[in-house]
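S.K.: Let me begin by handing over the structure; questions about it come next.
In the working numbering, the protein residues as written are 2 to 234.
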């Protein structure tokens, strides 16, 4: 087994263990919030999903910019990995947010400025993933997708500015001086969730890069076999 394989499997084990510890703290150590009750524990998954979506978007931005600059397959693979992680975590963010909204507002969805801009960001990365999956593997298609990956990252700051510019009903839990996370165990549960999702995001990105590397080696082997077959004929 290669050293990189050992590190990858070790990181995967750390991610799994941290997730288990995080779940334990969320459901058995963090107290039940007085206003929302047990539903408030969705926050400990919702916030890490948002954070992981941003990390995936940042990876996609770096990979996209790198591909526009250098045009190598490694940068494109990095951008694809980040974009796919952003989509997965973005959908998890929307699902957990809808569950929380149902309890807080009595509806599954409302066109709040922050929710709307967050949905737009997820759709941009969905478009990126679909484009990379079905538009072909030419240099032009990859550059167009890379430009979309850069554009998607440009929309992310708007999510935070939306509430200040246009108002809205989305709650501020972490920075709310009148409420939020008062109990230390709540803070511990949130920090553990962020740590666990950090490891999970790293594993998912690395796994996608490994898959692309294996696919590239298989394609190269197939091309060599085809060339050898043509030469023999």
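Using N, Cα and C, we set each Cβ at its ideal position, and we do this for glycine too. Being a predicted model, the structure only gives us computed values, none of them experimental.
#1: Tell me which residues share the same chain as residue 53 and place their Cβ nearer than 6 angstroms to its Cβ, disregarding the 5 neighbours each side in the sequence.
#2: Report back the beta-carbon spacing between residue 99 and residue 110 to the nearest angstrom; my notes put them in contact at under 8 angstroms.
#3: Could you check the C-alpha separation between residue 87 and residue 61 for me, to the nearest Å?
#4: Comparing alpha-carbon positions, which option in 20, 114, 8, 64 lies nearest residue 190?
#5: Is residue 138 helix, strand or coil when you go by DSSP?
#6: Around the Cβ of residue 47, are there at least 16 other Cβ atoms within 10 angstroms (buried) or fewer (exposed)?
#7: Would you give the residue range spanned by the alpha helix (DSSP H) that residue 63 belongs to?
#8: Between residue 128 and the rest of its own chain, which residues show a CB-CB distance below 8 angstroms, the 5 nearest in sequence each way excluded?
#9: Do you know whose CA, among 143, 155, 192, 185, lies nearest residue 73's CA?
#10: Hey, could you find the ends of the alpha helix (DSSP H) residue 38 is sitting in?
#11: My guess is that residue 151 and residue 78 are in contact by the Cβ rule of under 8 angstroms, so how many angstroms apart are they, rounded?
#12: Using the C-alpha atoms, what's the distance from residue 36 back to residue 211?
#13: How would you call residue 97, buried or exposed, if buried means at least 16 neighbouring beta carbons within 10 angstroms?
#14: Grab me the residues of residue 22's own chain with a C-beta within less than 8 angstroms of its C-beta, minus the 5 sequence neighbours each way, in chain order.
#15: Smallest Cα separation from residue 85: which of 156, 206, 221?
#16: How is residue 160 classed by DSSP in three states: helix, strand or coil?
#17: Need the endpoints of the alpha helix (DSSP H) that residue 82 sits in, please.
#18: What do you get for residue 160, buried or exposed, if any count of 16 or more other CB atoms within 10 angstroms of its CB means buried?
#19: Taking the alpha carbon of residue 59 as the point to measure from, which residue in 83, 71, 70 has its own alpha carbon closest?
#20: Apart from the five residues on each side of it in sequence, which residues of its chain come closer than 6 angstroms, Cβ to Cβ, to residue 75?
#21: Comparing C-alpha positions only, which one of 40, 155, 141 sits nearest to residue 106?
#22: Helix, strand or coil for residue 111? Go by DSSP, reduced to three states.
#23: Would residue 94 and residue 119 be called neighbours here (beta carbons separated by less than 8 angstroms)?
#24: State buried or exposed for residue 51, treating a residue as buried only when at least 16 other CB atoms are found within 10 Å of its CB.
M.R.: Quick look at the numbers:
#1: Residue numbering aside, residue 53 sits at position 52 when the chain shown is read from its first letter. Shown here for residue 53: same chain residues with a beta carbon closer than 6 angstroms to its own, the five before and five after excluded, namely 90, 198, 202 in chain order.
#2: Taking the chain shown and counting its residues from 1, one reaches residue 99 at position 98. Taking the chain shown and counting its residues from 1, one reaches residue 110 at position 109. So it is a contact: roughly 6 angstroms between Cβ atoms.
#3: Locating residue 87 in the chain shown gives position 86, counting from the first residue. Locating residue 61 in the chain shown gives position 60, counting from the first residue. Straight across, the Cα-Cα distance linking residue 87 with residue 61 is about 8 angstroms.
#4: The residue labelled residue 190 in the question sits at position 189 within the chain shown. Nearest C-alpha to residue 190: 20.
#5: Residue mapping note: residue 138 aligns to position 137 of the chain shown, counting from 1. Three-state result, residue 138: coil.
#6: Residue numbering aside, residue 47 sits at position 46 when the chain shown is read from its first letter. By the neighbour-count rule (16 or more Cβ atoms within 10 Å), residue 47 is buried.
#7: Locating residue 63 in the chain shown gives position 62, where the first residue counts as 1. 44 to 71 is the span of the alpha helix (DSSP H), which, as asked, contains residue 63.
#8: Taking the chain shown and counting its residues from 1, the one referred to as residue 128 is at position 127. Apart from the 5 residues on each side of it in sequence, residue 128 sits with its Cβ closer than 8 angstroms to the Cβ of 149 in its chain, given in chain order.
#9: Counting from one through the chain shown, the residue named residue 73 turns up at place 72. Residue 73 has its Cα closest to that of 143, out of 143, 155, 192, 185.
#10: Taking the first residue of the chain shown as 1, we reach residue 38 at position 37. The continuous stretches of alpha helix (DSSP H) do not include residue 38, and DSSP gives it neither H nor E.
#11: Along the chain shown, read from residue 1 onward, the residue named residue 151 stands at position 150. Along the chain shown, read from residue 1 onward, the residue named residue 78 stands at position 77. Actually they do not touch by this definition, with Cβ atoms about 17 angstroms apart.
#12: For this step, residue 211 is matched to residue 210 along the chain shown. For this step, residue 36 is matched to residue 35 along the chain shown. For residue 211 and residue 36, the distance between alpha carbons rounds to 45 angstroms.
#13: Translated into positions along the chain shown, residue 97 becomes position 96. With a threshold of 16 other beta carbon atoms within 10 Å, residue 97 meets it and is buried.
#14: Within the chain shown, residue 22 is the residue found at index 21, counting from 1. Closer than 8 angstroms at Cβ, skipping near neighbours: 193, 197.
#15: Locating residue 85 in the chain shown gives position 84, where the first residue counts as 1. The option with the nearest alpha carbon to residue 85 is 206.
#16: Indexing the chain shown from 1 puts residue 160 at position 159. Reduced to three states, the DSSP call for residue 160 is helix.
#17: The sequence position of residue 82 within the chain shown is 81, counting from 1. Residue range 74 to 106 is occupied by the alpha helix (DSSP H) that includes residue 82.
#18: One-based indexing of the chain shown puts residue 160 at position 159. When all chains shown are included, residue 160 counts as buried.
#19: Numbered from 1 along the chain shown, position 58 holds the residue referred to as residue 59. Put simply, of 83, 71, 70 the residue whose alpha carbon is nearest the alpha carbon of residue 59 is 83.
#20: What you label residue 75 is simply residue 74 of the chain shown in a count that begins at 1. The answer is none, since no qualifying residue turns up.
#21: Residue 106 sits at position 105 when you count from the first residue of the chain shown. Checked all of 40, 155, 141; the closest Cα to residue 106 is 40.
#22: Here the question's residue 111 lines up with position 110 in the chain shown. DSSP places residue 111 in coil when its eight states are reduced to three.
#23: Stepping through the chain shown from its first residue, residue 94 is reached at position 93. Stepping through the chain shown from its first residue, residue 119 is reached at position 118. With a cutoff of 8 angstroms on beta-carbon distance, residue 94 and residue 119 are scored as near each other.
#24: Your numbering for residue 51 matches position 50 in the chain shown. Label assigned to residue 51: buried.
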